[in-house]
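Trainee: These protein sequence lines are chains A and B, in that order. The first sequence begins at 1 in the numbering used here and counts up one residue at a time. The second sequence begins at 1001 in the numbering used here and counts up one residue at a time. Every residue, glycine too, gets a C-beta built ideally from N, C-alpha and C. The model shown is predicted, which means the values in this text are computed figures rather than measured ones.
Protein chains: 2
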Amino acid sequence: MPVTTTNERTATPRYLEDFKVGDVTQTGEFTMTRDMVLSFAEQYDPQPMHLDEASARDTLFGRLVGSGWQTLAVTMRLLVDARLLGGTPIVGAEFKDMRFHAPMCPGDTLRASAEVIAIRPSKSRPDRGFMDMKVTTKNSAGTTLVTQSWSLVVPSRSAVSL
Amino acid sequence: MPVTTTNERTATPRYLEDFKVGDVTQTGEFTMTRDMVLSFAEQYDPQPMHLDEASARDTLFGRLVGSGWQTLAVTMRLLVDARLLGGTPIVGAEFKDMRFHAPMCPGDTLRASAEVIAIRPSKSRPDRGFMDMKVTTKNSAGTTLVTQSWSLVVPSRSAVSL
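(1) Which residue's Cα is closest to the Cα of R34(A): G68(A), Q26(A), R77(A) and C105(A)?
(2) Classify T71(A): buried if its beta carbon has 16 or more other beta carbons within 10 angstroms, exposed otherwise.
(3) Helix or strand or just coil, what does DSSP make of Q26(A)?
(4) Under the assumption that L1110(B) contacts L1078(B) (Cβ atoms under 8 Å), give the Cβ distance between them as a whole number of angstroms.
(5) Please say whether R1014(B) and G1086(B) have beta carbons closer to each other than 7 Å?
(6) I'd like to know whether the C-beta of Y1044(B) is nearer than 7 Å to at least one C-beta of chain A.
(7) In angstroms with no decimal places, state the Cα-to-Cα distance between V1074(B) and F1095(B).
(8) Return the residue from the list V153(A), T137(A) and T144(A) that minimises the CA-CA distance to T27(A).
(9) Indicate whether the contact test is met: 3 or more Cβ pairs, each with one atom in the region 58 to 66 of chain A and one in the region 35 to 48 of chain A, closer than 8 Å.
(10) Please confirm whether V37(A) has its beta-carbon closer than 7 Å to some beta-carbon of chain B.
(11) Out of L1038(B), M1076(B), G1066(B) and F1040(B), state which residue places its alpha-carbon closest to the alpha-carbon of S1113(B).
(12) In the DSSP assignment, find the alpha helix (DSSP H) that holds E17(A) and state where it starts and stops.
(13) Could you pull out every residue in the same chain whose Cβ sits closer than 7 Å to the Cβ of L162(A), ignoring the five residues on either side in sequence?
(14) Taking Cβ positions only, does F95(A) come closer than 7 Å to chain B?
(15) Would DSSP call T157(A) helix, strand or coil?
(16) Between the alpha carbons of M1(A) and I119(A), how many angstroms are there, rounded?
(17) With a cut-off of 8 Å on the beta carbons, I'd call G1092(B) and L1152(B) a contact; round off their distance for me.
(18) Can you check whether the C-beta of M1001(B) is within less than 7 Å of a C-beta belonging to chain A?
(19) Is the beta carbon of S1067(B) sitting closer than 7 Å to the one on A1102(B)?
(20) So which residues on chain A does P1013(B) lean against when the C-beta distance must stay under 9 Å?
Here it is as structure tokens:
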């Protein structure tokens, strides 16, 4: 299974025909500072388990944990930085089956991987298609935090000559 | 179908037994400023269609649009502020079937609604269960931006007496 890391990718656009089922992209890392975790929570997910240690102790988690939405947002950042589609923008048609296996905590260093599961030409638009990927986010201990399935809109090479 | 708005809800905890299929929560509103849209994009989704008008013109969208991940994060904020579960934290077990129907743009005012689709006691843990909800996010023109399905972990009343 070919695994590509960030520094091998350029900003050259990649098309549907450039991928095959089984291709895996591994991202670099992103460390969650306490400030980032609190700042995201204050803006988007102001709940006791995300805002301060004292309030978090009385929750299901028993300690301060980051918002799952921030884990998802950082996963996007990791895959953008890894140039998942080279110079082609990453546009989601659908995100599915997001499962939260373990919480992200301040200080965690996250990495993600994305594996091509299926490639489907569009029935109505010959200039594009869909690429289904399994995306996994782990912390540096190797614990899986989130798994999800992405369906991306990817241009086909025929789009170039249109 | 009973529709509850924010100001009727208190911080009193709500339990699995307090909900029924068909219950709908309507949130308040949240206006996306250009600064918020750009700041989120710079941190979490630095792609041409999210970073500036000139680069966005050459993308699939043809104009500056917000990150779909930010629309999802703001939807969470709206439902936290609406006290979806009263004083009980909103904890996701799974988020599914997120479909992006239309992009969010700077200046858009977002609202969300959440409808109870199913209530399932946990087989292994009598102190909790799962509540499945259909969550819809619209702009002020009434255009649906995102639909998704949530499976939340909700404590049952038996948890109180344990």
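Mentor: Straight from the coordinates:
(1) Ranking the options by Cα distance to R34(A), first place goes to C105(A).
(2) The residue is buried, with at least 16 neighbouring Cβ atoms inside 10 Å.
(3) Residue state, collapsed to three classes: strand.
(4) Correct: roughly 7 Å between the Cβ atoms.
(5) Pairing G1086(B) with R1014(B) gives a Cβ-Cβ distance under 7 Å.
(6) Yes, contact with chain A.
(7) Annotation: V1074(B) to F1095(B) spans about 15 Å, alpha carbon to alpha carbon.
(8) Ranking V153(A), T137(A) and T144(A) by Cα distance to T27(A) puts T137(A) first.
(9) Yes, the region 58 to 66 of chain A is in contact with the region 35 to 48 of chain A.
(10) It does not: the Cβ of V37(A) has no partner Cβ on chain B nearer than 7 Å.
(11) Checked all of L1038(B), M1076(B), G1066(B) and F1040(B); the closest Cα to S1113(B) is M1076(B).
(12) Under the DSSP assignment, E17(A) falls outside any alpha helix (DSSP H); it carries neither an H nor an E label.
(13) Reliability fails at L162(A), whose pLDDT of 48 lies under 50, so the model's placement of it is uncertain and no value is given.
(14) Chain B, which has a Cβ nearer than 7 Å to the Cβ of F95(A), makes this yes.
(15) Looking at the sequence provided, one finds Arg at residue 157(A) rather than Thr. DSSP places R157(A) within a helical segment (H, G or I) once states are collapsed to three.
(16) Residue confidence is low: M1(A) scores 45 on pLDDT, short of 50, so the model does not pin down where it sits. No coordinate-derived value is stated.
(17) About 6 Å separates the two Cβ atoms, so the contact holds.
(18) Note on M1001(B): pLDDT 45, under 50, position unreliable in the model; the coordinate value appears next. Chain A contact via Cβ: absent.
(19) In terms of Cβ geometry, S1067(B) and A1102(B) do not form a close pair [threshold 7 Å].
(20) In chain order: nothing, as chain A lies at least about 11 Å away.
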